[in-house]
Amino acid sequence: MDSREALLRESFVPVAPVSRVMAAPQIEHRRLANSGLMCDLSTGARMSQACAVWNVKTNVCTIMTEPNAPDEVLGHEVRHCFEGHFH
Ligand SMILES: [Zn+2]
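In this text, residue positions in the sequence shown follow the UniProt record's numbering: the first is 1, and each later residue adds one.
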């Protein structure tokens, strides 16, 4: 791990399963050229680069990122799948 990775590394304590949006979601990752637009449309956010969208009915958390998104971005969105809006 170089210093850049150290800065990007996110540390957190996972919330208890009962406090999560979904206790044990299935995770799906979609790499999309237009992930920013798709995320803005799905979440109502603006200028997104990546996002996690929960479907409580199907118990699937869909992560959308740009095709070449780094692992740190994917990891961050996985955290959203389990912890909802933590920031
Ligand atoms: Zn986030």
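Cβ coordinates follow ideal geometry from the N, Cα and C atoms, glycine included.
Residues near residue i by beta carbon distance below 7 Å, same chain, minus five either side
i, result
"H76", "E10"
Under the three-state DSSP convention, the category residue i falls into
i, result
"V21", "coil"
"F82", "helix"
"M47", "coil"
"M1", "For M1, the pLDDT reaches just 45, beneath the cut-off of 50, and the residue's location in the model is therefore unreliable, leaving the point undetermined."
"F32", "It is worth fixing the name first, because residue 32 is Leu in this sequence and not Phe. L32: coil per DSSP, three-state reduction."
"S11", "coil"
"E66", "coil"
"residue 90", "Outside the displayed range of the chain (1 to 87) lies residue 90, so it cannot be described from this structure."
Close beta carbons around residue i, own chain, < 8 Å, minus the five adjacent residues each side
i, result
"S42", "C51, V53 and M64"
Same chain only: Cβ atoms within 6 Å of residue i, ignoring 5 sequence neighbours per side
i, result
"C61", "P25, I27, A52, W54 and C81"
"N68", "none"
Residues bridged to residue i [DSSP beta-bridge criterion]
i, result
"N61", "It should be noted that the sequence gives Cys, not Asn, for residue 61. I27 and W54."
C-beta atoms of residue i and residue j nearer than 8 Å
i, j, result
"P17", "A23", "yes"
"S35", "E66", "yes"
"C39", "A45", "yes"
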